[in-house]
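Numbering (this note's numbering), first residue to last: 906 to 1493.
Down below is the structure, laid out as structure tokens.
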RNA sequence: CGGGGUGUGGCGCAGCCAGGCUAGCGCAAUUGCUUUGGGAGCAAUGGGUCGGAGGUUCGAAUCCUCUCACCCCGACCA
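Now the structure itself:
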């Protein structure tokens, strides 16, 4: 068995990638039908186009074509990170448990954290993120303000044992992430680092050809820090975003705030207990009493670490669990079941009352504006009318607990907000001193005093960025790659490969294109034209060049642009230069 | 974790409820001939311990028990 050898080695680009790849010697297992496991379009197309294959739930192989695109995302990210002053490192995937115990996250991270033991029964984790490791480096190596500021990043594999991985690369358990960590001596410096990363991220997603928005994000109970998520707009996105069509306001629904319209309840009216048979739910109660739903004080019983808390919110509003969790100091609120509620409050759900309640009561700001309203009476089939805040029941604290809804007024300009869906591809986060304090990462200032470093962290999901690109850029026939992320820039299709003239013309074009640094996939398979066209559409390379007997007779080749489907003829001898020009224009 | 569903050749599926010879179909693969600008035709060929284990039975892809894997929905509003 012998293999035919080409007389020369292939041309490589500056990154060591093959410029002109022959389909016949590549691995591009395209499929006519999408495997049943794939649900969303990007997942289906990435499998059908032979970019990825699933190994286990939420764990994927990148095949050669997929890897080429991944590398391009990686290079764009690396370039912008370097440009904005971050320095690349590479940290281990496996980390000793001690570090996580020190930061407190060994106990608090939950089952997402994959814990493993080595042969000596010592505890390790597979890194879901690297704050601990990076902080450990800094506390060992950085002593003085003279070493600062510093921003370190890496591009590396993470593992998070997600409850429910789904949508292919979109929410995997193992995934590749760019994570950066900044260290500054003061808040002003930390803000500068944050702004630099914000700008870098805008460049990155722009260069990836994505339609995206930077939105205010939930920052959790980590302190008075702030954060932004970079969202790719797509209907299949797992996140909801509130947008103002008028001003620049945009926020993750978890974070979005609105002072929604509300008519205050009557003041200083007597508390009246009234019979409300079978009125368990807000709409039926409002209808029965002939009052607006907003006047009803919804009392929801939650358990946080089995401690009961009553959350009050106007009847026409919904609770934002993320905000409630923050109000509970980061403990996960779980809505009590009807049985638990009845056991704790002594009445069936729907009649639970804040009046005289022995549990902790938190209320939405709307309740304070409401002043008084209809509340459960703590007795089956009875409600109170004119239950007044402060007089009839006491609230431990008021806060923003409400979920923003479509049409709510914008907190900045008052215009009606709209809600769109998005895929979170990046997150910039001001951490403050959470890790530097718990892990003792301090520096000595010019005045000789020792202070904790101010940190920031900044992440981008590479696979998710790739999937989001496909999600946003495809048609019925397949992927439409932006020039910047396409595995190859040109698909070169000789149609009659048994015709030596056609083959020679294609080989010559391949040679001149690669000598100009153009990335070409030459479909040298002995297949019918229709099949090659279908595969080319599926793979979605931006420029398709067809070499056929027909066009060759006129000294031309045919160019078809994947995105626009526009067709034009190029003179054979100038084809390479013209393609090169097109590519440069697209990348500019 | 709760609910629903699916595991049959590389991919997509039928067969299962009413057990019965060598387990089928389409695509893909291999070979040959024809064909050649939008997933070709004909012919032949190869490939499956029917997810796994146990059980019932003369006989199990099919029925029962256990188990593993995967997918979807939910884990949210009184």
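We put the beta carbon where it would ideally sit given N, CA and C, even for glycine.
Note that the coordinates shown come from a computational prediction; the quantities given were computed from them, not determined experimentally.
For the alpha helix (DSSP H) that contains residue i, what are its first and last residues?
i, result
"residue 1249", "1243-1250"
"residue 1486", "1480-1492"
"residue 945", "Residue 945 -> no alpha helix (DSSP H), and no H or E assigned at all."
"residue 1231", "1226-1232"
"residue 1040", "1036-1046"
"residue 1187", "1187-1194"
For residue i, collect the residues of the same chain with a Cβ closer than 6 angstroms to its Cβ; drop the 5 residues on either side in sequence, then sort them by chain order.
i, result
"residue 926", "1426"
"residue 1482", "none"
"residue 1156", "1120, 1121 and 1147"
"residue 1453", "1400"
"residue 1086", "1039, 1057 and 1362"
"residue 924", "916, 918, 1419 and 1424"
"residue 1255", "1185"
"residue 1165", "1313"
"residue 1149", "1315, 1320 and 1322"
"residue 1142", "1326, 1327 and 1328"
Can you find the residues in the same chain that come closer than 7 angstroms, C-beta to C-beta, to residue i, ignoring five residues on each side of it along the sequence?
i, result
"residue 1408", "1399 and 1402"
"residue 1240", "1205 and 1207"
"residue 875", "The structure shown does not extend to residue 875, since the chain is modelled only from 906 through 1493, so no value can be given for it."
"residue 1019", "1030, 1031, 1064 and 1066"
"residue 1493", "none"
"residue 959", "942 and 965"
"residue 921", "none"
"residue 1415", "925, 1397, 1425 and 1427"
Apart from the five residues just before and just after residue i, which ones in its own chain have a Cβ nearer than 8 angstroms to its Cβ?
i, result
"residue 1129", "Residue placement at residue 1129 cannot be trusted, given a pLDDT of 44 that sits under 50; what the coordinates show is reported in the next sentence. So the qualifying residues of the chain are 1337."
"residue 1457", "1406, 1407, 1410 and 1477"
"residue 1009", "1343"
"residue 1471", "1465"
"residue 1014", "1005 and 1033"
"residue 1227", "1123, 1159 and 1160"
May I ask you to list the residues that DSSP assigns as paired with residue i?
i, result
"residue 1298", "1294"
"residue 1202", "1219"
"residue 1337", "1360"
"residue 1022", "1028"
"residue 1144", "1327"
"residue 1279", "1201"
"residue 1533", "There is simply no residue 1533 to check, as the chain begins at 906 and stops at 1493 in what is shown."
"residue 1123", "Note: residue 1123 sits in no beta bridge, so no partner."
"residue 1287", "1180"
"residue 1321", "1314"
"residue 1049", "1349"
"residue 1212", "1209"
"residue 1452", "1399"
"residue 1332", "1134 and 1364"
"residue 1303", "1268"
"residue 917", "923"
"residue 1355", "1349"
Can you name the start and end residues of the beta strand (DSSP E) that residue i belongs to?
i, result
"residue 1254", "Residue 1254 -> no beta strand (DSSP E), and no H or E assigned at all."
"residue 1028", "1028-1031"
"residue 1157", "1155-1157"
"residue 925", "925-927"
"residue 964", "964-967"
"residue 1239", "1238-1240"
"residue 961", "957-961"
"residue 1465", "1461-1466"
"residue 1268", "1265-1269"
"residue 1476", "1472-1476"
Note down, one range per segment and in chain order, each alpha helix (DSSP H) of at least 4 residues found wholly within the stretch 1056-1120. 1092-1112
Counting only runs that start and end within the stretch 1367-1440, where is the beta strand (DSSP E) found for 3 or more residues in a row? 1395-1399 and 1425-1427
Which runs of the beta strand (DSSP E) fall wholly inside the stretch 983-1020 and span at least 3 residues, in chain order? 999-1001
Counting Cβ pairs, one atom from each stretch, are 3 or more of them under 8 angstroms apart for the stretch 966-976 and the stretch 1093-1112? no
Quick check: the stretch 1165-1178 against the stretch 1287-1301, are at least 3 beta-carbon pairs closer than 8 angstroms? yes
Quick test of the definition: if touching needs 3 or more C-beta pairs under 8 angstroms, does the stretch 1317-1324 touch the stretch 1152-1168? A contact exists between the stretch 1317-1324 and the stretch 1152-1168.
When the Cβ atoms of the stretch 1464-1480 are set against those of the stretch 982-990, are three or more pairs found closer than 8 angstroms? no
Does the stretch 1077-1093 come into contact with the stretch 1382-1394, if we say contact requires no fewer than three beta-carbon pairs (one atom in each stretch) closer than 8 angstroms? At 8 angstroms Cβ cutoff, the stretches do not touch.
Count Cβ pairs between the stretch 1212-1219 and the stretch 1270-1283 that sit closer than 8 angstroms; are there 3 or more? yes
Counting Cβ pairs closer than 8 angstroms, one from the stretch 1043-1058 and one from the stretch 1340-1356, do we hit at least three? yes
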